[in-house]
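Here's the structure we're looking at; comments come further down.
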Amino acid sequence: MRAAHDISKTAFVINVSRARREDVSLDVYARLWVTPEATALWEDLARDVYPDDDMSSSLRNRFYLERLRAFAARWERPACINVAAGFSMYPYLVESPARFVEIDYPHIVDYKRRRLAAWEEADVLPRREVAFFGADLSRPDDVEALGRALPGWAGREGTPAMVIMEGITYYLARPVLDRLFALFAAHLPADSLVAFERWPTDAADYPVFVRLENYLTARFGWASHGYTLLDAADVAAIPGFAVQESMDMAQAERIWSGTGLLADRSQRLPIFFTVLRKT
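So the mapping is simple: this note's numbering equals the position in the sequence shown, first residue as 1, plus 143.
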């Protein structure tokens, strides 16, 4: 793994949350990535920032999983492209035949590829068709390389593809995010989906966000000016796409948990889910 300032270390922490609330996340394999270091970091985060991250991260997993399952069931062996895949386990949670592409930092995908291969060989995981692509999205050359690879992943006889950008849009510089959407618009077949979540421009009005911002700055050196914040109007204006679905975290909790932990905005991160359809 990279140095302590690398925010990608939080990828392990998310699996702790998903494993703690498996009833919500439906991620029966998240526990495979749980380590003592990740658990300690989760406890640190829960104490200083957000005691309900297990619910929040599990709901986030559930949102993308439900959309992926529906998409894979609708189309014949479609491509499912996960940008900033971290240690999510979507290929193993979707039963319908699909082709998966996992994109993340090279050191993340190299480690993940080895672990998944070992678990498949040991019959801990079912066999899946998964390709890996190492990319640092802060590097323009890597973004363009991703764009060149897109047609090969997504262009199978015009079958729509689905892209997930989980937990990443707000950490990307706006020009990088705009370029990714432009590449998706240029290379994805019609009716393809792009699913992601955003933080809005009033994020600082959410106390949990302010605590998280301070935590990431202190722990990982992530400066506050590094966030890209998007409102609904920004999303609706993305060229080449139409908004198919929008949902906030409180709505997701009502659907998949029935609890009210995140009902008040003072108790949740300002997470808004969006699904775009390629026009």
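The beta-carbon is built from N, C-alpha and C at its ideal position, and this holds for glycine as well.
Since Gly425 is in the alpha helix (DSSP H), which residue starts that stretch and which ends it?
-> Because the chain spans 144 through 422 in this model, residue 425 falls outside it and cannot be assessed.
Would Leu326 pass as a contact of Leu293 if the rule is Cβ separation under 9 Å?
-> yes
Is it true that the CB of Trp296 sits closer than 9 Å to the CB of Ala274?
-> yes
Taking all protein chains shown into account, decide if Ser200 is buried (16 or more other Cβ within 10 angstroms of its Cβ) or exposed.
-> buried
In angstroms, rounded to a whole number, what distance separates the CA positions of Ala181 and Ala379?
-> 37 Å
Would you say Leu405 and Leu202 are within 9 Å of each other, going by their C-beta atoms?
-> yes
Hey, Lys255 and Glu245 are a contact pair by Cβ (cut 8 Å); roughly how many whole angstroms apart?
-> 7 Å
His330 to Asp191, Cα distance in whole Å?
-> 42 Å
Closer than 8 Å by C-beta to Ala316: which residues in its own chain qualify, once you throw out the five before and the five after it? Chain order, please.
-> Ser281, Gly369 and Thr371
For Ala147, the three-state DSSP class (helix, strand or coil) = With a pLDDT of only 35 at Ala147, under the threshold of 50, the placement of this residue in the model should not be trusted, and no figure is reported.
My guess is that Glu396 and Thr417 are in contact by the Cβ rule of under 8 Å, so how many angstroms apart are they, rounded?
-> Glu396 to Thr417, Cβ: 17 Å. No contact.
Residue range of the alpha helix (DSSP H) that includes Phe275 = Where Phe275 is concerned, there is no enclosing alpha helix (DSSP H), although the beta strand (DSSP E) it sits in stretches over Val273 to Gly277.
Inter-stretch contact (C-beta, 8 Å, three-pair minimum) for the stretch 305 to 324 and the stretch 337 to 344 = yes
Is Thr417 helix, strand or coil by DSSP?
-> strand
Provide the residue(s) that pair with Glu340 in DSSP beta bridges, ordered along the chain.
-> Phe416
Do you know how far the Cα of Gly301 is from the Cα of Leu184?
-> 44 Å
Beta-carbon contacts of Ser239 that lie in its chain and below 6 Å, excluding the five residues immediately before and after | Ala215 and Ala216
Would you mind reading off the limits of the alpha helix (DSSP H) that contains Ala395?
-> Met392 to Trp399
Out of Glu287, Arg164 and Tyr313, state which residue places its alpha-carbon closest to the alpha-carbon of Asn204.
-> Arg164
Reference Leu323; option with closest CA among Asp197, Gln410, Gly383 and Asp196 = Gly383
Note down, in chain order, each residue of its chain lying with its Cβ closer than 6 Å to the Cβ of Glu272, except the 5 sequence neighbours on either side.
-> Arg242
Could you tell me how far apart the beta carbons of Ala361 and Val353 are, in whole angstroms, since I believe they sit closer than 8 Å?
-> The pair is not a contact, with the Cβ atoms about 13 Å apart (cut-off 8 Å).
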